[in-house]
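Undergrad: First residue of the sequence shown: 15, per the numbering used here; consecutive thereafter. In this text, a Cβ means the ideal position worked out from N, Cα and C, and glycines have one as well. In this text the structure is predicted, and so the values were computed from the model without any measurement.
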Amino acid sequence: MTELLSNYVSGQWTSGQGAGTALHDPVLGTELVRVDASGLDLAAAFAFARHNGGHALRALTYAQRAAMLGAAAKVLQANRDAYYDISTANSGTVKNDTAVDVDGGIYTLGAYAKMGESLGDVHFMHDGEPARLAKDPLFQSQHVLTPTRGVALFINAFNFPSWGLWEKAAPALLSGVPVIVKPATTTAWLTQRMVKDVVDAGIFPAGAISVICGSSAGLMDQLEPFDVVSFTGSADTAAIIRSHPAVTKKSVRVNIEADSVNSALLLPTETVGSEAIDLLVKEVAREMTVKSGQKCTAIRRVLVPESLYDSVAQALSARLAKTTVGNPRNETVRMGAVVNREQFNTVRDGLTYLKAQTAVLHDGSTHALVDADAAIACCVGPTLLGTRDAAGSDAADRVHDTEVFGPVATLVPYRNNDLDHALQLIRRGQGSLVASVYGSDPVALSKAIPELTDSHGRVHVISPDVAAFQTGHGNVMPQSLHGGPGRAGGGEELGGLRALNFYHRRAAIQASTAVLTQLK
Ligand code: NAP
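In structure tokens form, the structure reads like this:
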């Protein structure tokens, strides 16, 4: 029997009472560890976090909590090699892809440690300036932000067991709010191990951080009015979370990060041979293959003028053909596996669904696996589809509303010299996390941007002058907002200190100016 991972609740390591669910290596098929959350006293766990963890965290200042985040980042950095091993085994990722998750998580934690320092030794934050309520400036209104006196429950997706934890935990803990994380079962090992290392280092007060690995059953039932829940995952599970009585009856604040059909747009002003086209091709190929396309921010639709459809298809296909797929332990492999057999089948079914309305421009099934048995390994080659012409892009409804969570993208031609047509097609995604725009003319780029910001949480603009510095379409930086309207879930995370809003309650204080100036 493999090891049964413990849960950390009520300040103690506790095993579930069942046999557990096995986690597997998606390349070798071997069983790695097991997780189980049955029999845990969830009511006690939430109460302990809420009262002990919350009280102790709120007694500290922002600067003191920021220092703890910094210390946690150092502990994680010191154990980084172990995380890489777990990620290779459990997520089937090559080193570069592991870095996006592991190093991305540690970097985000470190970034919040730095940002938090600037908040100083205070226990709540002022929100704006006092506003006069009467003719006389003696009686005024001052808004303040106070950490919520509840827990933050995180229900996370399988694709970012490290980054998904820390991008949420950093702002919550900095705010003074204890966290309970429930990682996706398939990849819970890495999350559990990182929490274990931080807990063992004794950095945070008891109850500040808990981890529950296994079934989500009963977690939402524990939530009280001042708790918050932050969910990342599929639109279907998001709908269950949103309709839970904790949200509908107790007004538990909820943040949803769901799926998204993100776009890359080449401006109509570009012509054959332009550098912007090369940049687009490079970025799309990278986005399709990083983490085998299992990134919520990955490019799914590539919008190009009809006249450039063939040349972009050729350049992109040539690049994708060079992607070696297989066992991530082999140094020559550039793309590992998808996370498990279920995802493998879902990607295959998604491809069949999209192919009914598209042409195959590069067929992922032609990639022979390196060092891996195709009967066992959940490896999928990168596939580029195309809607053939502008009329096809209008007619093909599936590409605009289907997220195939794997190395799959569709080339979507729009009418030549018709930016409005491209924008109209992009909007059929009904709200996305990110769109990237490629062009060489700053004026043309700046005109397109405001047409995208209403329907995207982030617009990533790539012009030749930033080619060497740009941070990547799909990379989520702690300084920038993550989340998107509409089908992307309507959530907001990160964006620097803006992330703290979710964990604070805003109140207006109406008082004399003499009292307000004493508020610290
Ligand atoms: P999922 O099946 O919805 O699972 C997400 C989480 O919800 C898991 O921890 C899962 O636990 C839990 N869960 C399942 N049923 C639940 C219920 N009834 N009540 C409470 N929790 C429940 O999603 P996934 O397959 O892990 O993730 C893939 C999706 O996430 C993709 O669509 C991707 O686009 C999206 N995603 C979005 C973002 C973003 O930031 N917008 C980031 C990453 C991924 P179990 O694992 O135990 O079932």
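Measuring alpha carbon to alpha carbon, tell me which residue in Y367, P144, Q308, K534 is nearest F153.
TA: The shortest C-alpha separation from F153 is found at P144.
Undergrad: Between which two residues does the beta strand (DSSP E) carrying M139 extend?
TA: Residues 139-146.
Undergrad: Nearer than 8 angstroms: is that true of the beta carbon of T262 relative to any heavy atom of the ligand NAP?
TA: It does not: the Cβ of T262 is nowhere closer than 8 angstroms to a heavy atom of the ligand NAP.
Undergrad: Runs of 4 residues minimum, wholly inside the segment 86-168: which ones carry the alpha helix (DSSP H) assignment?
TA: Whole alpha helix (DSSP H) segments, 4+ residues: 94-105, 109-131.
Undergrad: Please go through the same chain and pick out, in chain order, the residues whose beta-carbon is closer than 6 angstroms to the beta-carbon of M349, but skip the five residues on each side of it.
TA: T303, S306, T337, V339.
Undergrad: For T122 and V242, which I take to be in contact (beta-carbon distance under 8 angstroms), what is that distance rounded to the nearest angstrom?
TA: No, T122 and V242 are not in contact; Cβ-Cβ is about 19 angstroms, not under 8 angstroms.
Undergrad: Could you round the C-beta distance between A171 and T283 to whole angstroms and report it? I think they count as a contact, below 8 angstroms.
TA: Not confirmed; about 37 angstroms, so no contact.
Undergrad: Give, in chain order, every unbroken run of the beta strand (DSSP E) that is at least 3 residues long and sits entirely within the segment 410-488.
TA: Correct list: 422-428, 446-452, 470-476.
Undergrad: What are the complete beta strand (DSSP E) segments, minimum 3 residues, inside the segment 18-44?
TA: As far as the segment 18-44 is concerned, its whole beta strand (DSSP E) runs of at least 3 residues are 21-23, 26-28, 35-38.
Undergrad: Which two residues bound the contiguous alpha helix (DSSP H) that contains K210?
TA: First-last of the alpha helix (DSSP H) with K210: 202-214.
Undergrad: Return the bridge partner residues of L317 from the DSSP annotation.
TA: Looking at the DSSP assignment, L317 forms a beta bridge with L279, V426.
Undergrad: Find out if the Cβ-Cβ distance for the pair V23, S224 is shorter than 9 angstroms.
TA: A contact, by the Cβ cut-off of 9 angstroms.
Undergrad: With a threshold of 8 angstroms, establish whether the CB of G130 neighbours any heavy atom of the ligand NAP.
TA: No.
Undergrad: Hey, Y428 and L317 are a contact pair by Cβ (cut 8 angstroms); roughly how many whole angstroms apart?
TA: Contact holds; Cβ gap of about 6 angstroms.
Undergrad: According to DSSP, which residues form a beta bridge with G400?
TA: The partner list for G400 (beta bridge, DSSP) reads A373, L425.
Undergrad: Applying the criterion that 16 or more other CB atoms from any shown protein chain within 10 Å of the CB defines a buried residue, is F483 buried or exposed?
TA: Exposed, because fewer than 16 other Cβ atoms sit within 10 Å of the Cβ of F483.
Undergrad: Leaving out five residues on either side along the sequence, give the residues of the same chain with a beta carbon under 6 angstroms from the beta carbon of Q444.
TA: The answer, listed in chain order, is G500, R501.
Undergrad: Would you say the beta carbon of H470 comes nearer than 8 angstroms to a heavy atom of the ligand NAP?
TA: No - the ligand NAP has no heavy atom lying nearer than 8 angstroms to the Cβ of H470.
Undergrad: Given a cut-off of 9 angstroms on the beta-carbon distance, is the pair A312 and E320 in contact?
TA: It is not a contact, given that the beta carbons lie outside the stated cut-off.
Undergrad: In whole angstroms, give me the CA-to-CA distance for L508 and A222.
TA: Straight-line Cα distance between these residues: approximately 20 angstroms.
Undergrad: What is the DSSP secondary structure of K196, counted as helix, strand or coil?
TA: Looking at K196 - three-state DSSP - the assignment turns out to be strand.
Undergrad: With DSSP as the reference, label F245 as helix, strand or coil.
TA: The answer is strand: DSSP assigns F245 an E or B state.
Undergrad: I need the straight-line Cα distance from A278 to G178, nearest angstrom please.
TA: Their Cα atoms are separated by approximately 24 angstroms.
Undergrad: Counting along the chain, where does the beta strand (DSSP E) carrying S224 start and finish?
TA: Residues 223-225.
Undergrad: Could you please give the first and the last residue of the uninterrupted beta strand (DSSP E) stretch that includes E271?
TA: First-last of the beta strand (DSSP E) with E271: 267-271.
Undergrad: Expressed to the nearest angstrom, what Euclidean distance is found between the alpha-carbon atoms of F516 and A58?
TA: Spanning the two alpha carbons is a distance of roughly 24 angstroms.
Undergrad: Just the Cα atoms here: how many angstroms apart are N21 and I226?
TA: Going from the Cα of N21 to the Cα of I226 covers about 5 angstroms.
Undergrad: Give me the Cα-Cα distance between P456 and R355, rounded to the nearest whole angstrom.
TA: The straight-line gap from Cα to Cα measures roughly 45 angstroms.
Undergrad: May I ask you to check if the CB of N170 is nearer than 8 angstroms to at least one heavy atom of the ligand NAP?
TA: True, at least one ligand heavy atom lies under 8 angstroms from that Cβ.
Undergrad: In three-state DSSP terms, what is V47?
TA: Three-state DSSP puts V47 in a strand.
Undergrad: In terms of residue numbering, what span does the beta strand (DSSP E) encompassing R333 cover?
TA: Here R333 belongs to no beta strand (DSSP E); instead the alpha helix (DSSP H) covers 323-335.
Undergrad: Looking at the secondary structure, which residues open and close the beta strand (DSSP E) in which Q524 lies?
TA: Residues 518-526.
Undergrad: Cα-Cα, which of V193, I120, S176, A148 is closest to A61?
TA: With distances taken between Cα atoms, A61 lies closest to V193.
Undergrad: Can you give me the Cβ contacts of D135 inside the same chain, cut-off strictly under 6 angstroms, excluding the 5 residues immediately before and after it?
TA: T75, A77.
Undergrad: In the DSSP output, which residue or residues are listed as bridge partners for V339?
TA: The partner list for V339 (beta bridge, DSSP) reads M349, L383.
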